[in-house]
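Sequence order for the protein chains is Z and G.
Just so you know, we're using the working numbering here: the first sequence kicks off at 33 and counts up by one.
Just so you know, we're using the working numbering here: the second sequence kicks off at 33 and counts up by one.
We put the CB at the ideal spot given by N, CA and C, even for glycine.
This one's a predicted model, so the numbers in the text were calculated from it and none came from an experiment.
Reading through the structure tokens given below for one structure.
Protein chains: 2
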Amino acid sequence: MAVEPQTARALIHSVFDLQRTLRCVAHEHKSTNVGSAEAGVLRMISEVGGRAVHIAEKLSVSAPVLSRHVAELEERGLVARTPDPEDRRAQLLELTEAGKAKLAEIEEARTALLLDFLAGWDEEEAAACGDSIRRLTDTLRTAGHRAAAPLVHGRDPQKEEPLAAR
Amino acid sequence: MAVEPQTARALIHSVFDLQRTLRCVAHEHKSTNVGSAEAGVLRMISEVGGRAVHIAEKLSVSAPVLSRHVAELEERGLVARTPDPEDRRAQLLELTEAGKAKLAEIEEARTALLLDFLAGWDEEEAAACGDSIRRLTDTLRTAGHRAAAPLVHGRDPQKEEPLAAR
DNA sequence: TATTGTTATACTCTATAACTATA
DNA sequence: TATAGTTATAGAGTATAACAATA
Chain Z
33 MAVEPQTARA
43 LIHSVFDLQR
53 TLRCVAHEHK
63 STNVGSAEAG
73 VLRMISEVGG
83 RAVHIAEKLS
93 VSAPVLSRHV
103 AELEERGLVA
113 RTPDPEDRRA
123 QLLELTEAGK
133 AKLAEIEEAR
143 TALLLDFLAG
153 WDEEEAAACG
163 DSIRRLTDTL
173 RTAGHRAAAP
183 LVHGRDPQKE
193 EPLAAR
Chain G
33 MAVEPQTARA
43 LIHSVFDLQR
53 TLRCVAHEHK
63 STNVGSAEAG
73 VLRMISEVGG
83 RAVHIAEKLS
93 VSAPVLSRHV
103 AELEERGLVA
113 RTPDPEDRRA
123 QLLELTEAGK
133 AKLAEIEEAR
143 TALLLDFLAG
153 WDEEEAAACG
163 DSIRRLTDTL
173 RTAGHRAAAP
183 LVHGRDPQKE
193 EPLAAR
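Printed below as a string of structure tokens:
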């Protein structure tokens, strides 16, 4: 059975409420000296590494945003930039030892905090919650790209409608 | 079985990824002239109404933030402020007819968009996803308050540890 | 004294535009 | 021409601090 409008509406509200709550939790437990955006940069460099443009795309941020964060992280000795031998315009990003340690510290603090919060949960619930959220994220990402991509290339294959217009 | 650290860590990453994706979707479909924070104010005034301090608490924002948003929304004729007859310091917030119409327009656009995105989902999945997210939000909110509240009152009943420190 | 709300100021995160340098 | 990255600037959203008016 297709999704009911009422269910979709409730899901939207749930997601907004989650975002508000996350902001509060982050605010109450802002532990380290690394901002959450910069922590995301550390994580992504650790996971995929390579060129800045690649990291920016994975993080879904614009190049200038990443550039500033990387500059800040490099100044603090957490990230190292090396010129790409295959393309002198590009640079390769990697974590320094200090950067790896900082990322591990952030991840451990977050995990410990969440584990404490989830004291009343069992493994299956938490796994199902993660799966559910990942499924939603994948759907939104794919659908968003499907809707936005035709405007990026010059093709405009099907003159796709704004979707929410009707 | 208690939640595994690895599951908690995956859940954290899932939530951050969701936030990034939501930012993109919002950016690609920023339809109306009302910002997302102001839309939240409209929704909360519609749902609970009453004093500004009450709305601010429900939205988990500080009083100055709400004050600015309300001032902006009043200027646009979407929100009406009336003095509270029971307390001359306070003011009662409500939506104007234009405000109600604007809120309905926003909600309908969002719902239509999400319904389109969720074309491959069935009702049960979407409902379960919403339930899962709401359960997580409730847990985070309750746990956050439990950890933060003792510092708000002067009591500090159990000298609760920072939780993530150990 | 405590609370409601406002104003002033600053911080975080983000985007677009204009630029340099390579390809 | 197009791409990788930087700098400059602006905007949205938020917070804390200091204030006014009322309780």
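DSSP, reduced to helix, strand and coil, places residue 82(G) within a strand of the structure shown. Distance check between residue 118(Z) and each of 83(Z), 65(Z) and 160(Z) places 83(Z) closest, using alpha-carbon atoms only. Note that the C-beta distance between residue 101(G) and residue 69(G) is below 8 angstroms. When the Cα atoms are used, residue 38(G) and residue 128(G) turn out to be separated by approximately 49 angstroms. Between the region 87-103 of chain G and the region 162-172 of chain G there are fewer than three inter-stretch CB-CB distances shorter than 8 angstroms, so the stretches are not counted as touching. When 178(G), 176(G) and 168(G) are compared, the shortest CA-CA separation from residue 48(Z) is found for 168(G).
Residue 112(Z) sits in a strand when the DSSP states are folded into three classes.
Remark: three or more beta-carbon pairs, one from each stretch, lie closer than 8 angstroms, so the region 136-153 of chain Z and the region 62-80 of chain Z are flagged as touching.
When the alpha-carbon of residue 33(G) is set against those of 150(Z), 81(Z) and 58(Z), the nearest one is in 150(Z). Runs of the beta strand (DSSP E) lying entirely within the region 87-157 of chain G and spanning at least 3 residues, in chain order: 111-115 and 123-127.
Within chain Z, the residues placing a beta-carbon under 7 angstroms from that of residue 36(G) are 155, ordered along the chain. Proximity of residue 78(Z) to chain G, defined by a Cβ-Cβ separation below 8 angstroms, is not satisfied. For residue 47(G), the residues of chain Z that pass the 8 angstroms Cβ criterion are 50, 54 and 165, in the order they occur in the chain. The beta-carbon of residue 92(Z) is placed less than 8 angstroms from the nearest beta-carbon of chain G. For residue 39(G), the neighbours in chain Z by C-beta distance under 7 angstroms run, in chain order, 155, 158, 159 and 162.
For residue 57(Z), the nearest CB of chain G lies under 8 angstroms from its own CB, placing it at the interface with that chain. Residues 101 of the same chain have their beta carbon placed closer than 6 angstroms to that of residue 73(G), with the five preceding and five following residues left out of the count. Residue contact check for residue 143(G) against chain Z: a CB pair falls below 8 angstroms.
For residue 71(Z), the closest of 91(Z), 135(Z), 175(Z) and 111(Z) by C-alpha to C-alpha distance is 135(Z). Residues of chain G whose Cβ lies closer than 7 angstroms to the Cβ of residue 146(Z) are, in chain order, 40, 43 and 44. Linking residue 51(Z) to residue 59(Z) through their CA atoms gives a straight-line distance of about 12 angstroms.
C-alpha of residue 90(G) to C-alpha of residue 55(Z): approximately 13 angstroms in a straight line. Considering only 178(G), 146(G) and 57(G), the residue with the shortest C-alpha distance to residue 36(Z) is 146(G). Within chain Z, not a single residue places a beta-carbon under 8 angstroms from that of residue 64(G); the smallest gap is close to 11 angstroms. Secondary structure at residue 76(Z): helix, using DSSP grouped into helix, strand and coil. Residue 172(G) has a beta carbon lying within less than 8 angstroms of a beta carbon in chain Z. At least one CB atom of chain Z sits nearer than 8 angstroms to the CB of residue 139(G). Assignment of residue 36(Z) by DSSP, reduced to helix, strand and coil, places it in the coil class. Residue 72(Z) has a beta carbon lying within less than 8 angstroms of a beta carbon in chain G. Between residue 43(Z) and residue 158(G), the gap from beta carbon to beta carbon is short of 8 angstroms.
Between the C-alpha atoms of residue 155(G) and residue 153(Z) there is a straight-line separation of about 25 angstroms. Residue 175(Z) has its alpha-carbon roughly 50 angstroms from the corresponding atom of residue 120(G). Of the candidates 148(Z), 177(Z) and 178(Z), the residue whose Cα lies closest to the Cα of residue 41(G) is 148(Z).
Distance from the CA atom of residue 126(G) to the CA atom of residue 178(G), rounded to whole angstroms, is 31 angstroms.
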